[in-house]
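Enquirer:
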Amino acid sequence: MRLVFLGPPGAGKGTVAALLDDRLRVMHLSSGDMLREAVRRGDPLGQEANQYMKAGTLVPDQLVTGLVLRHLEGVEPRESFVLDGFPRTVEQAQASDEALAGRGQAPIDRAINFEIAPKTVVERLVGRRICQRCGIIYHVTRIPPRRASFCDRCGGPLKARTDDKPETILKRLAVYHEQTEPLLAFYRAQGKLRVLSGEYPIQEQYETLMDLLKKEQLVSDAG
Ligand code: AMP
39 MRLVFLGPPG AGKGTVAALL DDRLRVMHLS SGDMLREAVR RGDPLGQEAN QYMKAGTLVP
99 DQLVTGLVLR HLEGVEPRES FVLDGFPRTV EQAQASDEAL AGRGQAPIDR AINFEIAPKT
159 VVERLVGRRI CQRCGIIYHV TRIPPRRASF CDRCGGPLKA RTDDKPETIL KRLAVYHEQT
219 EPLLAFYRAQ GKLRVLSGEY PIQEQYETLM DLLKKEQLVS DAG
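Take the sequence shown: its letters are residues 39 to 261, numbered as in our numbering.
#1: Please classify Q85 as buried or exposed, where buried requires at least 16 neighbouring CB atoms within 10 angstroms.
#2: Could you tell me which of G112, D122, M65 and P115 sits nearest to G52, measuring between CA atoms?
#3: Between which two residues does the beta strand (DSSP E) containing A144 stretch?
#4: Could you please give the first and the last residue of the uninterrupted alpha helix (DSSP H) stretch that includes S69?
#5: Let me make sure I understand the geometry here. Which of R116, G142 and K203 has the alpha-carbon closest to that of R162?
#6: Let me check understanding here. Comparing Cα to Cα, which of R185, K157 and L196 lies closest to I175?
#7: Could you check how far apart the C-beta atoms of L177 and R167 are, in whole angstroms? I think they sit under 8 angstroms.
#8: Please determine whether the Cβ atom of S69 lies at a distance below 7 angstroms from any heavy atom of ligand 1.
#9: Going by CA-CA distance only, name the one from A227, L138, M91 and R232 that's closest to T200.
#10: I'd like the list of long-range same chain contacts for N88, defined as Cβ closer than 7 angstroms, with 5 residues on each side in sequence excluded.
#11: Any heavy atom of ligand 1 closer than 7 angstroms to the CB of T200?
#12: Pairs of beta-carbons, one from the segment 126-133 and one from the segment 51-66, closer than 8 angstroms: are there three or more?
#13: Is it true that the segment 149-158 meets the segment 43-51, where meeting means three or more beta-carbon pairs spaced less than 8 angstroms apart?
#14: Label P115 either buried or exposed according to how many other C-beta atoms from any shown protein chain fall within 10 Å of its C-beta, with 16 as the threshold for buried.
#15: Which whole-angstrom value describes the C-beta separation of V128 and L221, a residue pair presumed to lie in contact below a C-beta threshold of 8 angstroms?
#16: What is the DSSP secondary structure of A122, reduced to helix, strand or coil?
#17: Whose C-beta lies closer than 7 angstroms to the C-beta of T206 among residues of the same chain, with five residues either side of it excluded?
#18: DSSP three-state label for A49, please.
#19: What three-state label does DSSP hand L256 in the structure shown?
#20: Between the Cα of V113 and the Cα atoms of E219, H215, L67 and L234, which residue gives the shortest distance?
#21: Can you tell me which of A144, K230 and M72 puts its alpha carbon nearest to the alpha carbon of F124?
#22: State the DSSP-derived secondary structure class of V42, mapped to helix, strand or coil.
#23: Span of the beta strand (DSSP E) holding L234?
#24: Under 8 angstroms by Cβ, that's how I've got R171 and G140 pegged, so tell me the actual separation to the nearest angstrom.
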C-alpha cells in the first residue's frame, strides 16, 4: 500500500502517518522531517532549504524531489509507505510517479486529502509541541503529555517548531492553497483521490482512514 497524504499543515497528516507506521509498519516518509534533518546536519542542502522553511514558503522542487527520491531508493519495490508532505506541487508528483515507474516500483495507490478549516489549523499549530528526541507530536490541550514539556515515551524535551508562529502559519496556508491544491485535480484525474476530514480527534481520523482503506481492500479486515 502506497499512500500520499495531502492537506494543509496541521490537518493531522504527520500524526496519522506515525500511527500507521507504528501499528501497521507502513513506512512514514515525511519530506519536512527529511529537510529538518538536513538543516540539523548543517549540510549545503539543509542550509539552502532553511531560508524557505523559515519563511513558510516551498523549498524549490529540485532540492526536495532529489532528497525524497534518494530516500525512496532504499525502499523495497513493494514495501508499503506513506508520503507525508510530499509531493506539494504537480512537478514533484510527476517526478515521483516517473521515478517509481522507472525503477520498477509499485505506484502510489491513493492520495488522501485531509480537509480542515483555516481556523482549526492555526489553533492546532500554535499548540503543537514536538519531542526533540523521538519526534512524537503533542498538543498542549488536544494531546497533552502527562508531564508538561516532556515526552511520555522517551522523556525528551518538547518544543514548538520555529515555523509554527501565527504569521508563518498564515503564509504556509496561503502557499498551500496556491501551490499544493492544484495537486488534488492531478490525483482526481488518476482516480486516486480520497477525502478525509481533518477536524476530528486523531484516533477518529485514523479509524476513518482504516475503514476507507479496508473498503478499498488496501488493508485486510484483520489489519
Ligand atoms: P512540513 O513539516 O511538511 O510542514 O514542512 C515544513 C516546511 O518544509 C514547509 O513549510 C516547506 O518549507 C518545506 N517542505 C516540506 N516538504 C516540502 C515539499 N514537498 N516541497 C517543498 N517544500 C517542502
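Beta carbons are placed, not taken as given, at the ideal position from N, Cα and C, and that holds for glycine.
Expert: Concretely, from the data shown:
#1: exposed
#2: D122
#3: Unbroken run through A144: none, as it is neither H nor E.
#4: S69 to R79
#5: K203
#6: L196
#7: One point to set straight first is that residue 177 is His, not Leu, in the sequence displayed. Sure, about 7 angstroms apart at Cβ, within 8 angstroms.
#8: yes
#9: M91
#10: V77
#11: no
#12: no
#13: yes
#14: exposed
#15: 6 angstroms
#16: According to the sequence shown, residue 122 is Asp rather than Ala. D122: strand per DSSP, three-state reduction.
#17: G94
#18: coil
#19: coil
#20: L67
#21: M72
#22: strand
#23: L231 to S235
#24: Not a contact, Cβ separation roughly 37 angstroms.
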